[in-house]
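Engineer: As they're listed, the protein sequences go chains A and B. Once you know that position 316 of the first sequence is 898 in our numbering, the rest is easy, because the numbers rise by one and skip nothing. Once you know that position 67 of the second sequence is 69 in our numbering, the rest is easy, because the numbers rise by one and skip nothing. Sending over a structure as structure tokens; questions will come in a sec.
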Amino acid sequence: MEWEVVIGLEIHAQLATKSKIFSGASTAYGAPANTQACVVDLGMPGVLPVLNHEAVQMAIKFGLATGSEVAPRSIFARKNYFYPDLPKGYQISQMELPIVGEGVLEIRLEDGTVKKIGITRAHLEEDAGKSLHGESPGMTGIDLNRAGTPLLEIVSEPDMRSAKEAIAYMKKIHSIVTYIDICDGNMQEGSFRCDANVSVRPKGQEEYGTRAEIKNLNSFRFVEKAINLEVERQIDVIEGGGAVVQETRLYDSDKHETRAMRSKEEANDYRYFPDPDLLPVEIDNETIEAVRANLPELPDAKLQRFISEYELSDYDADVLTSSRPMADYYEIVVKASGGEAKLSANWVMGDFSGTLNKESTDIKECPVSAEMLGGMIKRIADNTISGKIAKQVFEAMWQGEGDADAVIESKGLKQVTDSGAIEKLVDEIITNNPGQVEQYRSGKDKVFGFFVGQVMKASQGKANPAQVNQILKDKLKP
Amino acid sequence: MSLTQDDVKKIAHLARLSISEDDIPAYEKELSNILGLVEQMSAVDTSDVAPMAHPLDMVQRLRDDVVTETDHHEQYQDIAPNVENSLYLVPQVIE
């Protein structure tokens, strides 16, 4: 039987506020345990939550950036469950009337087709603390620094039909939340993570199959692997005559499996009710328009602009706009290079990105600034250096040996464009290789490459390749 | 509408309340009475009444995004039953 995969994602984006969603404690990552958990975060009796203005602004930003409805009135609810890292015994979240309503997002698939994925809603909620197991025998340690950190939970429609589509959607959301600066997008630190609802159904069937929810996937690679594993598991269960159970599963990247976490039936009885400690949030049009006026250029708009302004291919524009730092870097390179858009794209996507990856460096901390790279590309464009020599210059810049002009000067890498000097080299090579000259003149065109190689070698790579070609051709004529 | 004894046990479990078997019939009756009251209210036609989210007819005030809290974890941990390396300790929660 042919199976169709149905996937919906719940993405948790940690909002980049300075203080928590309902208290004035810091949200900075990595502080010593419990030093950033105040009485509100600890759920002490008698304390009251007060909503963070910035968290609301960020949620509005997200709504506008994804073309979703921003609710004029939204309310907070208590989601009740017991776990030691949730001291109040409930999480403040939103159930009915979330702050952001329906929207649609376009994702671009590998083959270039565009698909629309529905956003069901996005709501504000607080994060829980962290449980640390195995620190002390028989005990669990609780660090409440993370308790009360603002999250935006973004819920999609079950519109994705493969792990690849799920990744494309997740990457799109990641790029939007980082573009509009509401989330740092750091997946290692858990600032951006996702739960995947996965089910399968016979192809052509209207009705959805029973779904399993895979929790806490914190890398794009894990999401893809976990979904594919879960799909295989569900198909095996059904084809073996069994039935998929609705449950929460955990992905274990070491064992490469998903396993049942808890039966959803009981755990899911959250008994939501409106939180009496918080009043309804009202957002007027004026506020929405003020946020809209300050929205930065979004990934899709930037992509279109890169295609028209820099005459880039869809692919190049897509790669260069995938993150805002990368897009900003590219634009400065182009400017510094004197408008060499295509050459700049090749360098940013090629040697530059390659070196970033190899050295595991962040674009903001890399030793070659966009101005430096642009300056070097300018020297390729004006024939001061060849593309090949540029690789040497780039490496030297990365090692901190100064900007392109300084490196070219100190290493004597300036391209030889003096025809007289090149002619002299060519004459020497021709004199020293009579055999090859004979072969070439008798019609063996391949030997031409040998001459080019010899001249370039003699000039230590500095001769202008176009000139070398021309002069060689002239001189080798019988 | 009335509750069964199993409903009472489930509600108690969800609320992590320990109740004795002897008390269950009394709870069953009291909780059923509350539901009866709700049922009575449900009989009123509220189709053109907006659901109330809060008894106060006011809007949530927002605070500026400023860190105002300082570290007092030592004081808070003085009254915690069990602490180690600045972590609050509880009986192990996973198997």
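All C-beta atoms in this analysis are idealised placements derived from N, C-alpha and C, irrespective of residue type, glycine included.
1. Between the region 701-735 of chain A and chain B, which residues of the former have CB atoms less than 8 Å from a CB of the latter, in chain order?
2. What does a CB cutoff of less than 6 Å around A:E586 pick up in its chain, not counting 5 residues either side in sequence?
3. DSSP on B:H15, reduced to helix/strand/coil?
4. Just the chain B side, please: which residues come within less than 9 Å of A:K600 by C-beta, in chain order?
5. Answer yes or no: do A:E765 and A:V805 have a C-beta to C-beta separation smaller than 9 Å?
6. In the DSSP assignment, find the unbroken alpha helix (DSSP H) run with A:E684 in it and report its ends.
7. Which residue marks the beginning of the alpha helix (DSSP H) containing A:S1001, and which one marks its end?
8. Just curious, the beta strand (DSSP E) that B:L5 is in, first and last residue?
9. On the CB-based measure, 16 or more other CB atoms within 10 Å of its CB, does A:E688 come out buried or exposed?
10. With a CB to CB cut of under 7 Å and the five nearest residues on each side skipped, what residues in its chain are close to A:A909?
11. Which partner residues of A:S738 appear in the DSSP bridge assignment?
12. Quick check: what's the CA-CA separation for B:S34 versus A:D851?
13. Provide the residue(s) that pair with A:I593 in DSSP beta bridges, ordered along the chain.
14. Which same chain residues, not among the five before or five after B:L91, have their C-beta less than 7 Å away from its C-beta?
15. Mind checking the region 590-624 of chain A against chain B and listing, in chain order, the residues whose C-beta falls within less than 8 Å of any C-beta there?
16. Does the beta carbon of B:Q94 come closer than 9 Å to any beta carbon on chain A?
17. Give me the subset of the region 850-862 of chain A whose CB atoms are less than 8 Å from a CB atom of chain E, sorted by chain position.
18. Taking only beta-carbon atoms, is A:K846 less than 9 Å away from chain B?
19. Within the 9 Å Cβ cut-off, does B:A55 reach chain A?
20. Find the residues of chain B that neighbour A:E864, judging by a C-beta separation of less than 9 Å, and give them in chain order.
21. Can you name the start and end residues of the beta strand (DSSP E) that A:I724 belongs to?
22. Using 9 Å as the threshold, is the C-beta distance between A:A825 and B:H75 below it?
23. In three-state DSSP terms, what is B:N35?
24. Note down, in chain order, each residue of its chain lying with its Cβ closer than 7 Å to the Cβ of A:D725, except the 5 sequence neighbours on either side.
25. Which stretch, first to last residue, makes up the alpha helix (DSSP H) that contains A:V638?
26. Quick check: A:S935 and A:L955, are their CB atoms within less than 9 Å of each other?
27. Just reading off the beta strand (DSSP E) that A:E829 is part of, what are its end residues?
28. In three-state DSSP terms, what is A:Q1021?
29. Which of the three DSSP states, helix, strand or coil, is assigned to A:K846?
30. Determine the burial state of B:E23: buried for a count of at least 16 other Cβ atoms within 10 Å of its Cβ, exposed for fewer.
31. Taking A:A659 as part of the beta strand (DSSP E), name the residues at either end of that continuous run.
32. From A:A899, A:A778, A:R703, A:G723, pick the residue whose C-alpha is nearest to that of A:F888; which is it?
33. Just grab the DSSP bridge partners of A:H1148 for me.
34. Mind pulling the chain B residues with CB within less than 7 Å of A:F664?
35. Closest to A:I589 by CA distance: which of A:V682, A:E651, A:V629, A:V780 is it?
36. Determine, using beta carbons only, whether B:Y90 comes closer than 9 Å to chain A.
Structural biologist: Considering the structure as presented:
1. S713, L714, H715, E717, S718, G720, M721, T722, G723, I724, D725, L726
2. Against the first sequence, residue 586 of chain A aligns to sequence position 4. Closer than 6 Å at Cβ, skipping near neighbours: R783, K785.
3. By one-based count along the second sequence, residue 15 of chain B stands at place 13. Residue state, collapsed to three classes: helix.
4. The sequence position of residue 600 of chain A within the first sequence is 18, counting from 1. Ordered by position in chain B, the residues that pass the 9 Å Cβ test against A:K600 are D67, V68, V69.
5. Locating residue 765 of chain A in the first sequence gives position 183, where the first residue counts as 1. Locating residue 805 of chain A in the first sequence gives position 223, where the first residue counts as 1. A small correction: the amino acid at residue 765 of chain A is Cys; Glu does not occupy that position in the sequence shown. Not a contact, by the Cβ cut-off of 9 Å.
6. As a first step, residue 684 of chain A is located in the first sequence; it is residue number 102 there, counting from the start. Per DSSP, A:E684 belongs to no alpha helix (DSSP H) and is neither H nor E.
7. Taking the first residue of the first sequence as 1, we reach residue 1001 of chain A at position 419. Unbroken alpha helix (DSSP H) run through A:S1001: 1001-1014.
8. Within the second sequence, the letter at position 3 stands for residue 5 of chain B. Here B:L5 belongs to no beta strand (DSSP E), and DSSP marks it neither H nor E.
9. As a working note, residue 688 of chain A is residue 106 in the first sequence. It is exposed - the Cβ of A:E688 has fewer than 16 other Cβ atoms within 10 Å.
10. Against the first sequence, residue 909 of chain A aligns to sequence position 327. Excluding positions up to five away in sequence, the list reads K884, L902, T903.
11. Position 156 of the first sequence, counting from 1, holds the residue named residue 738 of chain A. Bridge partners of A:S738: A:I701.
12. Within the second sequence, the letter at position 32 stands for residue 34 of chain B. Within the first sequence, the letter at position 269 stands for residue 851 of chain A. Cα-Cα distance, rounded: 20 Å.
13. As a working note, residue 593 of chain A is residue 11 in the first sequence. Answer by DSSP bridge pairing, in chain order: A:I736, A:C776.
14. Here residue 91 of chain B refers to the residue found at position 89 of the second sequence. N84, V85.
15. T599, K600, S601, S605, G606, A607, S608, P614, A615, N616, T617, Q618, A619, C620, V621, L624
16. For this step, residue 94 of chain B is matched to residue 92 along the second sequence. So yes, B:Q94 belongs to the interface.
17. Absent from the structure: chain E. Protein chains present are A and B.
18. The residue given as residue 846 of chain A occupies position 264 in the first sequence. For A:K846, the pLDDT reaches just 42, beneath the cut-off of 50, and the residue's location in the model is therefore unreliable, although a value from the coordinates is still provided. Chain B, which has no Cβ nearer than 9 Å to the Cβ of A:K846, makes this no.
19. Locating residue 55 of chain B in the second sequence gives position 53, counting from the first residue. Chain A, which has a Cβ nearer than 9 Å to the Cβ of B:A55, makes this yes.
20. One-based indexing of the first sequence puts residue 864 of chain A at position 282. Here the neighbours are V61, Q62.
21. What you label residue 724 of chain A is simply residue 142 of the first sequence in a count that begins at 1. Per DSSP, A:I724 belongs to the beta strand (DSSP E) from 721-725.
22. Counting from one through the first sequence, the residue named residue 825 of chain A turns up at place 243. Counting from one through the second sequence, the residue named residue 75 of chain B turns up at place 73. It is not a contact, given that the beta carbons lie outside the stated cut-off.
23. Mapped onto the second sequence, residue 35 of chain B falls at position 33. Helix at B:N35.
24. To locate residue 725 of chain A, count along the first sequence from 1; it is residue 143. So the qualifying residues of the chain are A615, N616, G711, K712, L714.
25. Walking along the first sequence from the start, residue 638 of chain A turns up at place 56. First-last of the alpha helix (DSSP H) with A:V638: 635-647.
26. Residue mapping note: residue 935 of chain A aligns to position 353 of the first sequence, counting from 1. Residue mapping note: residue 955 of chain A aligns to position 373 of the first sequence, counting from 1. Not a contact, by the Cβ cut-off of 9 Å.
27. Residue 829 of chain A sits at position 247 when you count from the first residue of the first sequence. Where A:E829 is concerned, the enclosing beta strand (DSSP E) stretches over 829-834.
28. As a working note, residue 1021 of chain A is residue 439 in the first sequence. DSSP places A:Q1021 in helix when its eight states are reduced to three.
29. Position 264 of the first sequence, counted from the first residue, corresponds to residue 846 of chain A. Since pLDDT at A:K846 reaches only 42, below the 50 mark, its modelled position is unreliable, and the value read off the structure follows with that caveat. It is helical.
30. Mapped onto the second sequence, residue 23 of chain B falls at position 21. Exposed is the call here.
31. Working through the first sequence from its first residue, we reach residue 659 of chain A at position 77. That run of the beta strand (DSSP E) goes 659-662.
32. For the purposes of this step, residue 888 of chain A is identified with residue 306 of the first sequence, where counting begins at 1. The shortest Cα separation from A:F888 among A:A899, A:A778, A:R703, A:G723 belongs to A:A899.
33. Lying before the first or after the last residue shown, residue 1148 of chain A is absent from chain A, which here runs from 583 to 1060.
34. Counting from 1 along the first sequence, the entry for residue 664 of chain A is found at position 82. Going along chain B in sequence order, the residues near A:F664 (Cβ under 7 Å) are R18.
35. By 1-based counting over the first sequence, the position of residue 589 of chain A is 7. Out of A:V682, A:E651, A:V629, A:V780, A:V780 has the C-alpha closest to the C-alpha of A:I589.
36. Taking the second sequence and counting its residues from 1, one reaches residue 90 of chain B at position 88. Answer yes: the Cβ-Cβ gap between B:Y90 and chain A drops below 9 Å somewhere.
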